[in-house]
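Read the structure below first, then the notes.
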Amino acid sequence: MSLIKHKKVELTELFYDLVYVYTISQLTSIIHHVHHGFVTPYAFFTFVIALIIFINSWMVQTVFTNRFGQNSLTNILFMFAQMLCLLIASTAVTEEWSKSFVPFILPMAFISLILLVQYIVEYFKAEAEADRGLIRQYFYILGIRSLTLLVSIFLPYQLGLIVAVAGVLLTWILPGVLTNPKQGYVSEDVRAINFPHLIERLSLLVIITFGEMIIGIAPYFSTERLSVASFLIFIIVTNLFMIYIVEIDHMIEVNQEGVTGNGAIYCHYPILLGLSLITVSLSFLGDQTADNLFSVSLLYLGIGILMVGVLAHQPYNKRSHQFTAGLYWMAFGLPLAGFLISSLMLQFSLALIVIAFLVTLVMMMSIISFHLKRL
Numbered sequence: 001m002s003l004i005k006h007k008k009v010e011l012t013e014l015f016y017d018l019v020y021v022y023t024i025s026q027l028t029s030i031i032h033h034v035h036h037g038f039v040t041p042y043a044f045f046t047f048v049i050a051l052i053i054f055i056n057s058w059m060v061q062t063v064f065t066n067r068f069g070q071n072s073l074t075n076i077l078f079m080f081a082q083m084l085c086l087l088i089a090s091t092a093v094t095e096e097w098s099k100s101f102v103p104f105i106l107p108m109a110f111i112s113l114i115l116l117v118q119y120i121v122e123y124f125k126a127e128a129e130a131d132r133g134l135i136r137q138y139f140y141i142l143g144i145r146s147l148t149l150l151v152s153i154f155l156p157y158q159l160g161l162i163v164a165v166a167g168v169l170l171t172w173i174l175p176g177v178l179t180n181p182k183q184g185y186v187s188e189d190v191r192a193i194n195f196p197h198l199i200e201r202l203s204l205l206v207i208i209t210f211g212e213m214i215i216g217i218a219p220y221f222s223t224e225r226l227s228v229a230s231f232l233i234f235i236i237v238t239n240l241f242m243i244y245i246v247e248i249d250h251m252i253e254v255n256q257e258g259v260t261g262n263g264a265i266y267c268h269y270p271i272l273l274g275l276s277l278i279t280v281s282l283s284f285l286g287d288q289t290a291d292n293l294f295s296v297s298l299l300y301l302g303i304g305i306l307m308v309g310v311l312a313h314q315p316y317n318k319r320s321h322q323f324t325a326g327l328y329w330m331a332f333g334l335p336l337a338g339f340l341i342s343s344l345m346l347q348f349s350l351a352l353i354v355i356a357f358l359v360t361l362v363m364m365m366s367i368i369s370f371h372l373k374r375l
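In full-length UniProt numbering, the protein residues as written are 1 to 375.
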């Protein structure tokens, strides 16, 4: 297998990512408020849909930059325009979506249109017919999304919400259907994803999300709240970070040709969702207004979803690092055991944190041990 030239991550791409620091913060704030000890199902629905549409817009731009982006002035201006729309839309995100539906959906529709125009410009610049064929697929994806989002604005709220959600979900799965014709591989004449660049971009987005988690646990380190629990919660975060990094930075074979990268992209949705749930749950464990059973359920649900995303990367792993049945049992058995034990000790907040610390520590050590034994 020939070595793939690593495409440089440009500073403009990192600047583009900065707006997602605020975006992710706004999204997690939706499920950061409890009513009678719980987060409402409607808040969860709003959070998940907003997460999909925000992150999917990031993914489409990242795939474009990966395949066709040359850090040109035109592409940079397109990214800046998206950043403006993202700031408007993320500010409009609230639990009461009925009051902020149009201020949220309209900027996201403009982002879809901007992405569509970006692909149209590249279509006329492309010389290879195979590249044009690939770009045409995004005409369908972004065209449908732009149309459904714009139409939803002019409909009554309930109907508009259905149309918008249907459009988002449809165009969310379409890239996997249209651009993945041969089990994740593309023909030689189609410009393939630069896989090392894609993995680096995805990992940088996850690191931003971990940054939001650090911000979320920062109140534990105030002089009034500093305690043993503060340090345990920080170690929980570092354990989860190491689990992700060991898989992404050490087990994956980035030197792969012809892959679409769709699998890695879709795997990162549960990773980002899981981390967001964990961020909120860790803050709830020290909040007397939140129900402890709900907080614990949210924490281990987040860990489970995170592990689904991490372990789903196995097809991209090195041959020496194919996961064993024992690793799967560990990855999902330990969080389940942690949840069951915690449910018996709900009145002891420190005990809940200690259990989460031990569960994530053993998981982290198991993942590292698995990797080291196969070097």
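Idealized CB from N, CA, C, for every residue including glycine.
Cβ-based neighbour list, residue i, same chain, cut-off 7 Å, excluding 5 preceding and 5 following
{"i": "ILE53", "result": "MET108, VAL168"}
{"i": "ILE55", "result": "TYR269, LEU272"}
{"i": "residue 380", "result": "One cannot answer for residue 380 here, as it falls past the ends of the chain, which runs 1 to 375."}
{"i": "residue 391", "result": "In this structure the chain extends from 1 to 375, so residue 391 is not present and cannot be described."}
{"i": "SER98", "result": "TYR157"}
{"i": "ILE153", "result": "VAL102, ILE105, LEU106, GLY160"}
{"i": "PHE370", "result": "LEU327"}
{"i": "TYR266", "result": "GLY176"}
{"i": "ILE341", "result": "ILE355"}
{"i": "SER90", "result": "TYR22, THR23, GLN26"}
Contacts around residue i, its chain only, beta-carbon distance under 8 Å, and the 5 residues preceding and following it disregarded
{"i": "ILE368", "result": "MET242, VAL246"}
{"i": "LEU282", "result": "MET213, GLY216, ILE217, ILE233, ILE236, VAL237, LEU299"}
{"i": "TYR20", "result": "PHE54, TRP58, LEU86, LEU205, ILE208"}
{"i": "ASP249", "result": "SER203"}
{"i": "THR324", "result": "PHE370"}
Nearest-angstrom Cβ-Cβ length linking residue i and residue j, presumed shorter than 8 Å
{"i": "THR28", "j": "SER222", "result": "No, THR28 and SER222 are not in contact; Cβ-Cβ is about 20 Å, not under 8 Å."}
{"i": "GLN158", "j": "VAL93", "result": "Rounded, the Cβ-Cβ distance is 19 Å, inconsistent with contact."}
{"i": "ALA264", "j": "HIS313", "result": "6 Å"}
{"i": "PHE47", "j": "ILE24", "result": "Actually they are not in contact, since the Cβ atoms of PHE47 and ILE24 sit about 11 Å apart, beyond 8 Å."}
{"i": "LEU311", "j": "ALA331", "result": "6 Å"}
{"i": "ASN255", "j": "LEU352", "result": "Contact doesn't hold; Cβ gap of about 43 Å is too wide."}
{"i": "LEU113", "j": "SER146", "result": "5 Å"}
{"i": "ALA164", "j": "LEU149", "result": "6 Å"}
{"i": "GLY274", "j": "ILE303", "result": "7 Å"}
{"i": "LYS318", "j": "MET365", "result": "With a Cβ gap of about 21 Å, LYS318 and MET365 do not count as contacting."}
Unbroken alpha helix (DSSP H) run spanning residue i, endpoints
{"i": "GLN26", "result": "11-30"}
{"i": "MET83", "result": "73-92"}
{"i": "GLN118", "result": "97-125"}
{"i": "GLN137", "result": "129-153"}
{"i": "THR324", "result": "No alpha helix (DSSP H) contains THR324, which DSSP labels as neither H nor E."}
{"i": "PRO156", "result": "Premise fails: PRO156 is in no alpha helix (DSSP H) and is neither H nor E."}
{"i": "THR40", "result": "Per DSSP, THR40 belongs to no alpha helix (DSSP H) and is neither H nor E."}
{"i": "PHE357", "result": "349-372"}
Sequence-distant residues of the same chain with beta carbon closer than 6 Å to residue i, five excluded per side
{"i": "LEU372", "result": "none"}
{"i": "GLY184", "result": "Any reading at GLY184 is ruled out, since the residue's pLDDT is 40, under 50, leaving its predicted position unreliable."}
{"i": "ARG201", "result": "THR62"}
{"i": "GLN82", "result": "ILE111, ILE114"}
{"i": "TYR16", "result": "MET79"}
{"i": "SER230", "result": "TYR220, PHE221"}
* Asked: In the segment 259-319, which residue ranges form an unbroken alpha helix (DSSP H) of at least 4 residues, counting only runs that do not cross its ends?
  -> 262-284, 292-311
* To do: Taking only runs that begin and end inside the segment 192-252, name each unbroken alpha helix (DSSP H) of 4 or more residues, in chain order.
  => 195-217, 228-245
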